[in-house]
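2 protein chains.
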Amino acid sequence: MPRPSQRDRILDAYTDLVVTSGPETVTLDAVASAAGVSKGGLLYHFGSREALLEGLLDRCRTLTDADLAAARAAPEGIARYYLRTSIDDPAAGSAVYRTTVAMIKLSTTEPRAAEVTRRCMAGWRTALAEELGDALAADLVAALGDGIYLRAIVGQSSAELGAAAEELLRRAAPRPPE
Amino acid sequence: MPRPSQRDRILDAYTDLVVTSGPETVTLDAVASAAGVSKGGLLYHFGSREALLEGLLDRCRTLTDADLAAARAAPEGIARYYLRTSIDDPAAGSAVYRTTVAMIKLSTTEPRAAEVTRRCMAGWRTALAEELGDALAADLVAALGDGIYLRAIVGQSSAELGAAAEELLRRAAPRPPE
DNA sequence: GTCTATACGCGGATAGAC
DNA sequence: GTCTATCCGCGTATAGAC
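Line by line, the protein sequences are chains X and E. Residue 85 in this note's numbering sits at position 85 of the first sequence, and the numbers go up by one each step. If you want this note's numbering, it's the position in the second sequence, counting the first as 1, plus 1000.
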């Protein structure tokens, strides 16, 4: 599996449109023109709308795995890494973040996207439980992160939640912020 | 404004289909047949797809206001009432709950739905802050509730979160469960 | 590989009968 | 009020040129 740049550009455009306009309103035409190709060109790389979704699903799995690995290696610890990176901006976030938001939006319509999203959430829940030891604390941190994502979905900022998150971490996470 | 039973049945069917299949995949045909009327019949009551959405938005506002009033009057307190009723089943929940889940799903596509959802969330946030006094605690409880709804959106149960919620409430909410 | 042109089906909305 | 019949536009996918 090489890395065809054109495929990536198409997936980028698809992600953007899902995040900004929501799923199902995104037509192949819109994705194609946003990616700078024609509809025919798009359908050469992804044979159908279904294949396009499948491509994004794969990318989400890959990016989340990498993000989990980065969290485990982070000096601040998994919990702080998770909550910090969850408070982001859909318009200008990291690749993982934007892909995750797109995934959640797609989950409202596509069962396969929902399945992948659940799997990703479960991955974080496991990692958090490993670090925090306490299952209850892990549940709380995971749920707080989920709440932050829901706000992103409905277009509400989560900036004010930073303080609440730090308060929760002070009680749950052993490691200091620095 | 009387209460025409037929309108309500149509809105019920619309809500059900959004919850189960997601927005935008729900056609007027599907809503009509689920409600036991023809497409023409539906379009007599709601002149357009937009009007149908507007009807659900109104209903959401009404139901949420009533639910907030019920929470303020509940002996267990607002925080416990909120978290308890948030842990529900999309397939067989209360009217408010199902409407809220539908609203969030619609938020991924319809800006007006997102606006109403934000307003409802803000209402709960305010009520929680009133009761708990502490703004940080109110943020945490509100975010936990949001996280529970996100799980419902991606089709994941939140039953295991009951214990974590109770733990959080024991610290944040003054009143005992009984 | 990427494009244009086209076939095909579906969903929303209107007209008008009952 | 509720139905059937129909028009119209849009979105997916295919065929085939370059």
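Here a beta-carbon is modelled for each residue, glycine too, at the ideal position from N, C-alpha and C.
When the Cα of residue i is compared with those of the options, which residue comes out closest?
{"i": "V1141 of chain E", "options": "E:L1083, E:F1046 and E:C1060", "result": "E:L1083"}
{"i": "R1064 of chain E", "options": "E:F1046, E:Y1097 and E:G1077", "result": "Strictly speaking, residue 1064 of chain E in this sequence is Thr, with Arg absent from that position. If we check each option's Cα against that of T1064 of chain E, E:Y1097 comes out closest."}
{"i": "A1066 of chain E", "options": "E:K1039, E:D1012, E:A1127 and E:L1161", "result": "E:A1127"}
{"i": "R1125 of chain E", "options": "E:S1038, E:Q1006, E:R1072 and E:E1024", "result": "E:R1072"}
{"i": "Q1006 of chain E", "options": "E:S1021, E:R1170, E:V1026 and E:G1041", "result": "E:G1041"}
{"i": "V1018 of chain E", "options": "E:V1116, E:I1153 and E:A1143", "result": "E:I1153"}
{"i": "M1121 of chain E", "options": "E:G1145, E:V1037 and E:E1110", "result": "E:G1145"}
{"i": "L68 of chain X", "options": "X:T85, X:D29 and X:L53", "result": "X:T85"}
{"i": "A1159 of chain E", "options": "X:S157, X:A165, X:Q156 and X:D139", "result": "X:D139"}
{"i": "L1028 of chain E", "options": "E:K1039, E:G1022 and E:L1011", "result": "E:K1039"}
{"i": "D12 of chain X", "options": "X:A163, X:A164 and X:A91", "result": "X:A91"}
{"i": "L1053 of chain E", "options": "E:D1089, E:L1168 and E:I1104", "result": "E:I1104"}
{"i": "G1055 of chain E", "options": "E:R1118, E:D1008 and E:V1031", "result": "E:D1008"}
{"i": "A143 of chain X", "options": "E:S1033, E:A1163 and E:R1119", "result": "E:A1163"}
{"i": "A79 of chain X", "options": "X:H45, X:T117, X:A32 and X:G123", "result": "X:G123"}
{"i": "S157 of chain X", "options": "X:T62, X:D89 and X:C60", "result": "X:D89"}
{"i": "C60 of chain X", "options": "X:R119, X:A32 and X:G93", "result": "X:R119"}
{"i": "V26 of chain X", "options": "E:E1110, E:A1173 and E:A1135", "result": "E:E1110"}
{"i": "V1101 of chain E", "options": "E:G1155, E:A1129 and E:A1135", "result": "E:G1155"}
{"i": "Y44 of chain X", "options": "X:I10, X:G22 and X:T62", "result": "X:I10"}
Here's the rule I'm using: 16 or more other beta-carbon atoms within 10 Å means buried, otherwise exposed. How should residue i be labelled?
{"i": "E131 of chain X", "result": "buried"}
{"i": "P1075 of chain E", "result": "exposed"}
{"i": "G47 of chain X", "result": "exposed"}
{"i": "Y1081 of chain E", "result": "buried"}
{"i": "T1024 of chain E", "result": "Just to set this straight, residue 1024 of chain E is Glu in the shown sequence, not Thr. So E1024 of chain E ends up on the buried side."}
{"i": "G1133 of chain E", "result": "exposed"}
{"i": "D1058 of chain E", "result": "exposed"}
{"i": "Y14 of chain X", "result": "buried"}
{"i": "E50 of chain X", "result": "exposed"}
{"i": "G77 of chain X", "result": "buried"}
{"i": "A1137 of chain E", "result": "buried"}
{"i": "T1108 of chain E", "result": "buried"}
{"i": "R1170 of chain E", "result": "exposed"}
{"i": "A1070 of chain E", "result": "exposed"}
{"i": "G147 of chain X", "result": "buried"}
{"i": "T99 of chain X", "result": "buried"}
{"i": "G36 of chain X", "result": "exposed"}
{"i": "T1020 of chain E", "result": "exposed"}
{"i": "P177 of chain X", "result": "Residue placement at P177 of chain X is flagged as unreliable, the pLDDT there being 47, under the threshold of 50; a coordinate-derived value is accordingly withheld."}
{"i": "T117 of chain X", "result": "buried"}
My assumption, with CB atoms under 8 Å, is that residue i sits in contact with residue j. Please give the rounded CB distance.
{"i": "L106 of chain X", "j": "A113 of chain X", "result": "4 Å"}
{"i": "L161 of chain X", "j": "I87 of chain X", "result": "6 Å"}
{"i": "A1030 of chain E", "j": "D1016 of chain E", "result": "In fact, because the Cβ distance is near 10 Å, the residues do not count as touching under 8 Å."}
Per DSSP, what kind of secondary structure is residue i in: helix, strand or coil?
{"i": "I1153 of chain E", "result": "helix"}
{"i": "G1047 of chain E", "result": "coil"}
{"i": "I1078 of chain E", "result": "helix"}
{"i": "A1092 of chain E", "result": "coil"}
{"i": "R170 of chain X", "result": "helix"}
Is residue i near the ligand ATP, going by C-beta to nearest heavy atom under 6 Å?
{"i": "L57 of chain X", "result": "The ligand ATP is not among the ligands present in this structure, which contains no ligands whatsoever."}
Along the chain, which unbroken stretches of the alpha helix (DSSP H) at least 4 residues long are found entirely within the region 1011-1059 of chain E? The region 1011-1059 of chain E contains these whole alpha helix (DSSP H) runs: 1028-1035 and 1039-1045.
Length-filtered (4 minimum) alpha helix (DSSP H) runs lying within the region 101-162 of chain X: Counting whole runs of 4 or more residues, the region 101-162 of chain X contains the alpha helix (DSSP H) stretches 111-132 and 135-153.
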